[in-house]
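Read in order, the letters of the sequence shown correspond to residues -23 to -1, 1 to 733 in mature numbering (1 follows the signal peptide of the UniProt record, and there is no 0). One structure is given here, and the rest of the page talks about it.
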Amino acid sequence: MRNSTAILSALLGATILSGQAAAQTQSGADRAAAPQEQTGSDTGIADIIVTAQKGANAQSAQSVPVAITALSAETIKAAQAVNIIDISHMAPNANFTSAATLPGFSNYSIRGIGVSGSTSSIDPAVNVVVDGMVYDFQGGTIQDAFDLEGVEILRGPQGILFGRNTTGGAVSLRSRRPSDQFGVQAEFTLGNYKRYDGAVSIEGPIVEDTILARLTVLHREREGYFKDNNGGSFVPAPFNPSGTAPDGETGRIGSVDTWVIRPTLVIKPTDTLDIALFGEVVDMGGNGNAARVVTGYEGLMRSRFGYTPPTGKWETNQNGLGYTSIKTQRLVGEVNLDVGFGKITSVTGYRHVNYQFAFEDGLPFRILEFPRGNIIRSRQFSEELRFASTFSDTVDFVAGFYFDRHRLSVQERRYQSNVLADPNAATYFVTNRQGNYVQKAEAYAGFASVNVHPVDGLTLSAGGRYSWEKKQLHIAPLGVCTGPGFTGCPSVFSDYEKSWDNFSPKLGAEYTLTPGVMAYASWTKGFRSGQFNGRATTAAQLGPVDPEMASSFEVGFKSTFWQRKARFNVSAFYTKYDDLQLTILDGATQVLQNAGAATFGGIEAELTLKPVEPLELTGSFGWTDSKYDRLDGPFAANLTVQQSLKKELLKAPEFTAYGSAAYTAEIGSDTELTGRVAYSWRSHFYVDVLNSPAAYQKAYGTLDLSLAVKRDRYSLTAFGRNVTGVQYKDLINTVVVPVQFGGEPATYGLTLGLDF
């Protein structure tokens, strides 16, 4: 942190100098809008252009017959969002968190369907799509929110156009494209917990009307939210070989030190050809997640080891700091060729992730810790080639081919004790364990979707996707090391291979009742890939498990009315899942299995009101009714069927709600003052599969406030998030001793914005 002031000063100085040059050309407010911005009346609610249908022509979110929450760059900025977790609560029935043991490793759940563990070999149920590239690996997918053009949260199975691993839904992110005018945008933030953020974007033409470029550089830094009463000791790694804690980190857990570089290049050699290249390099570091023993288990630790629990809400007692290093590189190329009777699109993506971490268990002695030497590497290449055409006023379609190759290598190390198996502290011992595996996956798919418009206002649609994939696993399962340190570890590798195929259809109808009012209905299927369990300790635990299958019915209504001063969308869904994939604990081992069948039903509503120009009100509501229909395998072991079927599904609150109000007042001729308040609430839920008492999270709500003043090219925003300091469980790890991971406490700060 000692260099933060110098870094921010340099960035600020460069921005102001660049801004003076830009001001002589054209102000940011006057530049041409980017292709995927909001459109609409100056006095009404703006439309947001989305890419969910992958058609030949751009579409408004209001014209897409899918349950979708579309968030513009302006909405993201107003929410003071750092990453997409911060904006997920705006969408009904969405629950986005980071994995307990792996910071930056996403656990996204929509309509109660998501991932119940952090095993790297397990594919998600909610896919993340960035600039058209579908991410295979969840590490590093908690995308920074700065400089995003828009976010689309699609709820329910999206198997036709987004493929496998979307049984819960999909999250699509779009990077901001360069403008055809020179411009500079920047933000600088100071906040509590020694937060220092700086971000600068520079854009403009390299060759007028032909080559446009944009470069974004971002740095975020803050100390941890949690105080460690034991002081902490830094875990060394190759990136910090001295073994000393960076300035200010000792005793604070959950720090962040992130750099992001995003270059974007758009080439338009002809009127019919558009080539866009999206690059990203991320270097994210920190000292791990903060954990503390769940209330109710502290007595057990006190009786055996004299453990003294922390007294403060944001405190813990652990014997060291963790460590996180995520380095990612991504390059996506999108080529669009207009051939007159349609558009050919190619999206080619490459992504590499190097993830290293050490995890502490929230205790001043070793119960379950992941020490230095935990390494995950992911390398992915994908290609989607599609053709979209509007033959006439009565027929349009999109069809394409998809290929994906992914290589994942993992080395996992643990310190694991026998504290629960042996109540005698004198015979307490810790074993060192290690496992290694390499998983290779290949996937192919062909898809098509056709829309027919037999009469004015009516659209009938049909589509399907055939998928085939193969996975190969080369593994030495997690086991005890017989030598000192991590020597004498399991080194006998076994090989496994399995392939699957699937056909997912979709049928739908939509009808425009009046201009701005549309009703729709659809039925679709989706699937989540068959999986191997990379954390298995025995051959029986390896799997593979069968694909998770989803069949979903949905009806919806979208409307914009009152001279575009009101927008109301509602959807109802009924989804049946078979061979539901769940991760449970068998002792201290995470076991993946097909748990049986479940049914989900619910309602979602979103409302936006702009009764007068200075005032905007937004709200959303979600209701999900979920239940198990049938339970198989170890999940139901040692329980009666009746007990098992009463279990609540993981991270599936029955109700979610969100509301915000923003009011802008004119101060003089060129100054605006905007106040904003937002409240997010969800009913109780469990953060583990077995509904352990320790995993119960009661209903809670968080309050965010901001006050912004904007004048010409400058803005200054004072903000607070979770201002009442509500404490809640973000996740829980129930291996050996239940430990919980809390969400963010009250944070506040000031952001200076510049737009030249």
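Where is the CB? At the ideal position from N, CA and C, for every residue including glycine. Please read these numbers as outputs of a predicted model, since none were measured by experiment.
Buried or exposed: where does Q704 fall if 16 or more other Cβ atoms within 10 Å of its Cβ makes it buried?
exposed
Local Cβ density within 10 Å of S359, reported as buried at 16 or more and exposed below that:
buried
Going by DSSP, name the residue or residues bridged to V237.
L195 and V259
Name the one or two DSSP bridge partners that R141 has.
Per DSSP, none; premise fails for R141.
May I ask you to list the residues that DSSP assigns as paired with Y414?
V387 and I452
Contact set for A420: own chain, Cβ-Cβ below 6 Å, skip 5 residues either direction:
D381 and E446
On the three-state DSSP scale, how would you describe T515?
coil
If distances are taken between C-alpha atoms only, which option among V312, Q36, D433 and G175 comes closest to T371?
D433
For G678 and H661, what's the separation of their Cα atoms in angstroms?
11 Å
Rounded C-alpha distance that separates G319 from V259:
36 Å
Compute the distance between the beta-carbons of residue 749 and S637, then report whether it is under 8 Å.
As shown, the chain starts at -23 and ends at 733. That puts residue 749 outside it, with no answer to give.
Let's see if you can read the secondary structure: which residues bound the alpha helix (DSSP H) around I62?
I62 to S65
Cβ neighbours of T193 in the same chain (closer than 6 Å, five flanking residues each side left out)
D124, S178 and R239
Inspect the CB distances between the region 150 to 170 and the region 62 to 70 and report whether three or more fall short of 8 Å.
no
Residue from T585, G136 and E257 with nearest C-alpha to L48:
T585
Please classify F424: is it buried, with 16 or more other beta-carbons within 10 angstroms of its beta-carbon, or exposed?
buried
Evaluate K54 with the Cβ neighbour count: other Cβ atoms within 10 Å of its Cβ, from every protein chain shown; 16 or more gives buried, anything less gives exposed.
buried
Determine whether the beta carbon atoms of I452 and S471 lie at a separation below 8 Å.
yes
Over the uninterrupted beta strand (DSSP E) stretch that includes T576, give me the two end residues.
G573 to L586
So for P492, helix, strand or coil by DSSP?
coil
Using DSSP's beta-bridge definition, name the partner residues of I353.
Y332 and V387
Are there three or more Cβ pairs, one per stretch, closer than 8 Å when the region 288 to 297 is compared with the region 335 to 343?
yes
Check whether the region 553 to 560 touches the region 481 to 501, taking contact to mean three or more Cβ pairs, one atom from each stretch, closer than 8 Å.
no
How long is the line joining the alpha carbons of P555 and N428, rounded to whole angstroms?
Checking the sequence shown, residue 555 turns out to be Asp, not Pro. Cα-Cα distance, rounded: 29 Å.
What is the DSSP secondary structure of A50, counted as helix, strand or coil?
helix
Proximity to K687 [Cα-Cα], best of D665, V666, S646 and A543:
S646
In this structure, how does DSSP classify A695 when only helix, strand and coil are distinguished?
strand
Curious, which full-length alpha helix (DSSP H) runs of at least 4 residues does the region 88 to 140 contain?
136 to 139
Going along the chain, which residues of its own chain have a beta-carbon closer than 6 Å to the beta-carbon of G730, five neighbours each way excluded?
E164 and S692
Beta-carbon within less than 7 Å of T464's beta-carbon, same chain only, minus the 5 sequence neighbours each way: which residues are those?
C458
CA-CA distance, K204 and N313?
51 Å
Mind checking V618: buried by the 16 CB within 10 Å criterion, or exposed?
Any reading at V618 needs caution, since the residue's pLDDT is 49, under 50, leaving its predicted position unreliable; the model's value is listed next. Exposed, by the Cβ-count rule.
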